Amino acid sequence: MPAAPIPDVEIHGFKHSDDVEEAHSALDDSAPKIPAKGNESDMTFRQQGYSISTDVRNMWFPIAISTEVNNKRPEGLHILGDPIVIFRNKDGRPVVLADKCAHRSAALSNGQIVDGILECKYHGWQYNADGKVTHIPALLPDRKIPSNAKTYSYPVHEMDDLLWVWPGDPDKADPSLVPYMKPGNYCEQGKKYNEKKWGKGSLFVLDLDIDHSLMIENLLDPAHVAFTHNGTIGNRGGARSLNMHLVPSLNGIAGFGTTGTDEQKTGMNKEDPEFLFTAPCHIQLHSRFKEDWLFHQTIHCVPTRRGHMRIIYRESRTFFQLGYSIPFATEYMKNFSKKIIFQDYELLRGQQNRLRQGANEWNSPIQVDVLPRLYRQWWKASYGRRGAFDPWFKGYSGDIEDLLAPDAPYCSGCSSDLSDEPEPMFKVNPYVGYEENHPERMKARKHRRDLITKCVIATAGVAVASVILAKSGW
């Protein structure tokens, strides 16, 4: 995909070089009509210049790192509200089943793998890769296994070190539709991934009690970096006026952040960061520090269940390749990236609680907010549809307050006190030192460090003086 120059593309009747604040008004005025029940013609978000599928159930979602899925123990998680269990069978083939036993609806993820077969821990019922029950220990020898003794088996595909699952119609699960999202591919404009140029990169998974849409909006927002990430990748003193220019991309939207006065907005500089959203949940961030110093991040913000998400983070760069070969350096880079994510987490948890209490997701948007605002319009036409985020066994509404609500029974008649904020999954950033989470300890640590430094300097001074005196005959 070409990064520059950007062609004149109309955004809701406004070209990218026009006043973006006016485009915000157009976003509100031209919000898509959300049909109650979708069909093929309904499942596309169309704004001037954009065409993005809204049929999120019929898309591939990454759910795990391939090497972390094995045939020794099953892993339970969710995708679009569906409880699922993942494991490998005897042949090493990845399997994704509904995490519900056909007998008593127990969680199969609590079970074990026996010779590549998933065994329920409750009564020992065993399931093959197709979700069919193959053995019931308590069944009489002259009885047959019930014909409905099976659980749903999801289409699954393994590509680019990740496991992808298709939560929708299995007849539409075409593996060729898995997006090629390996870091560096966006910059290489469709060329084959060049590992020698980009390095092995780093890859990790985080599960957070944050709605995935809030994280995506956050990642598409360059203005928060100077403040939220002050001291890591941001600098509060370096905050500048920002603008965002948009162009359509394949099933998504690309944004180019720019700085400076109105006269400087129209040209895209090679140093400008690039933001790319690809449906249903993928973010790619590309930064160029020097001519050949490229840094690329792919962040899969996977919607697991309401108010929860799984981040699958990948990064790669064309410089400092040695860092990916040194174990402690790789671990340091991973932990640094996690530290940055948890800086976002702290802010998003507060935002999510306010939304649960009925606050608006957007109140006073400015010009640089056009990309996350456009994403939110797409979200309303996709995840916001009734039925788009329903667990397969029982549904609930797609209202954002419901999606962000704390865990509660799936009951249309139940009510919960949204004024009670649930306990966060992480109260402090686990990837900073203990002292950084406790300022008084940090102050004491600095005092100790200064005292040790003075002692070392004094000791070195005494040693040097002793050597000089010894050589002079004293």
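In UniProt numbering, the protein residues as written are 1 to 474.
Note that CB positions come from ideal geometry on N, CA and C, so glycine has one too.
Keep in mind the model is a prediction, meaning the values are calculated, not measured.
How many Å lie between residue i and residue j at the Cα?
{"i": "Ala463", "j": "Phe328", "result": "34 Å"}
{"i": "Gly237", "j": "Asp292", "result": "27 Å"}
{"i": "Ala129", "j": "Asp82", "result": "18 Å"}
{"i": "Ser419", "j": "Gln357", "result": "Any answer about Ser419 is weak, because its pLDDT of 42 lies below 50 and its placement is not dependable; what the coordinates show is given next. Looking at the two C-alpha atoms, the distance is approximately 6 Å."}
{"i": "Thr459", "j": "Ser325", "result": "38 Å"}
{"i": "Pro155", "j": "Asn230", "result": "43 Å"}
{"i": "Leu77", "j": "Ile84", "result": "6 Å"}
{"i": "Asn335", "j": "Leu371", "result": "28 Å"}
{"i": "Leu203", "j": "His296", "result": "12 Å"}
{"i": "Ile279", "j": "Val456", "result": "According to the sequence displayed, residue 279 carries Ala and not Ile. Their backbone Cα atoms lie some 57 Å apart in a straight line."}
{"i": "Lys200", "j": "His135", "result": "43 Å"}
{"i": "Asp209", "j": "Pro303", "result": "10 Å"}
{"i": "Ser337", "j": "Pro365", "result": "28 Å"}
{"i": "Gly92", "j": "Val225", "result": "42 Å"}
{"i": "Ala107", "j": "Pro179", "result": "31 Å"}
{"i": "Pro74", "j": "Arg305", "result": "19 Å"}
{"i": "Arg240", "j": "Phe227", "result": "11 Å"}
{"i": "Ala138", "j": "Arg376", "result": "52 Å"}
{"i": "Asn235", "j": "Leu348", "result": "20 Å"}
{"i": "residue 476", "j": "Lys290", "result": "The requested residue 476 is not part of the displayed model; the chain covers only 1 to 474."}
{"i": "Ser66", "j": "Thr318", "result": "24 Å"}
{"i": "Ile113", "j": "Asn148", "result": "22 Å"}
{"i": "Cys301", "j": "Cys281", "result": "5 Å"}
{"i": "Pro167", "j": "Arg448", "result": "55 Å"}
{"i": "Ser316", "j": "His286", "result": "10 Å"}
{"i": "Lys380", "j": "His157", "result": "28 Å"}
{"i": "Ile216", "j": "Pro141", "result": "54 Å"}
{"i": "residue 475", "j": "Trp60", "result": "In the structure displayed, the chain extends from 1 to 474; residue 475 sits before or after that span and is not available."}
{"i": "Phe45", "j": "Gln284", "result": "20 Å"}
{"i": "His197", "j": "Phe320", "result": "Residue 197 is actually Lys in this sequence, not His. Cα-Cα distance, rounded: 11 Å."}
{"i": "Leu250", "j": "Ile52", "result": "8 Å"}
{"i": "Lys471", "j": "Tyr332", "result": "46 Å"}
{"i": "Ala359", "j": "Gly384", "result": "17 Å"}
{"i": "Glu274", "j": "Ala64", "result": "26 Å"}
{"i": "Lys454", "j": "Ile233", "result": "31 Å"}
Kindly indicate the opening and closing residues of the beta strand (DSSP E) around residue i.
{"i": "His229", "result": "Neither: His229 is in no beta strand (DSSP E) and is coded neither H nor E."}
{"i": "Ser337", "result": "First-last for Ser337: 327 to 356, but that is the alpha helix (DSSP H), not the beta strand (DSSP E)."}
{"i": "residue 475", "result": "No answer is possible for residue 475: it lies beyond the span of the chain, which begins at 1 and ends at 474."}
{"i": "Pro167", "result": "Here Pro167 belongs to no beta strand (DSSP E), and DSSP marks it neither H nor E."}
{"i": "Ile233", "result": "Note, Ile233: premise wrong, no beta strand (DSSP E); not H, not E."}
{"i": "residue 476", "result": "What is shown of the chain runs 1 to 474, which leaves residue 476 out entirely."}
{"i": "Ile52", "result": "50 to 53"}
{"i": "Asp207", "result": "202 to 208"}
{"i": "Leu177", "result": "Careful: Leu177 lies outside any beta strand (DSSP E) and carries neither H nor E."}
{"i": "Glu274", "result": "274 to 278"}
{"i": "Ala223", "result": "Neither: Ala223 is in no beta strand (DSSP E) and is coded neither H nor E."}
{"i": "Ile253", "result": "252 to 259"}
Would you call the CB atoms of residue i and residue j closer than 8 Å?
{"i": "Leu162", "j": "Pro62", "result": "yes"}
{"i": "His212", "j": "Met309", "result": "yes"}
{"i": "Arg354", "j": "Trp362", "result": "no"}
{"i": "Leu242", "j": "Gln351", "result": "no"}
{"i": "Gly255", "j": "Leu220", "result": "yes"}
{"i": "Lys132", "j": "Gly116", "result": "no"}
{"i": "Ser382", "j": "Val56", "result": "yes"}
{"i": "Pro248", "j": "Val368", "result": "no"}
{"i": "Asn71", "j": "Phe87", "result": "yes"}
{"i": "Val205", "j": "Ile312", "result": "yes"}
{"i": "Tyr127", "j": "Thr151", "result": "yes"}
{"i": "Leu80", "j": "Ser153", "result": "no"}
May I ask which residues mark the beginning and end of the alpha helix (DSSP H) holding residue i?
{"i": "His212", "result": "212 to 219"}
Between residue i and residue j, which are expected to be in contact by the criterion C-beta below 8 Å, what is the C-beta distance as a whole number of angstroms?
{"i": "Met181", "j": "Thr258", "result": "Not really, about 25 Å apart at Cβ, beyond 8 Å."}
{"i": "Leu276", "j": "Gly252", "result": "6 Å"}
Sequence ranges, alpha helix (DSSP H) only - wholly within the UniProt domain "Rieske" (60 to 165), length at least 4
DSSP runs (the alpha helix (DSSP H)) wholly in the UniProt domain "Rieske" (60 to 165): none.
Taking only runs that begin and end inside the region 282 to 331, name each unbroken beta strand (DSSP E) of 3 or more residues, in chain order.
Counting whole runs of 3 or more residues, the region 282 to 331 contains the beta strand (DSSP E) stretches 282 to 290, 293 to 305, 308 to 317.
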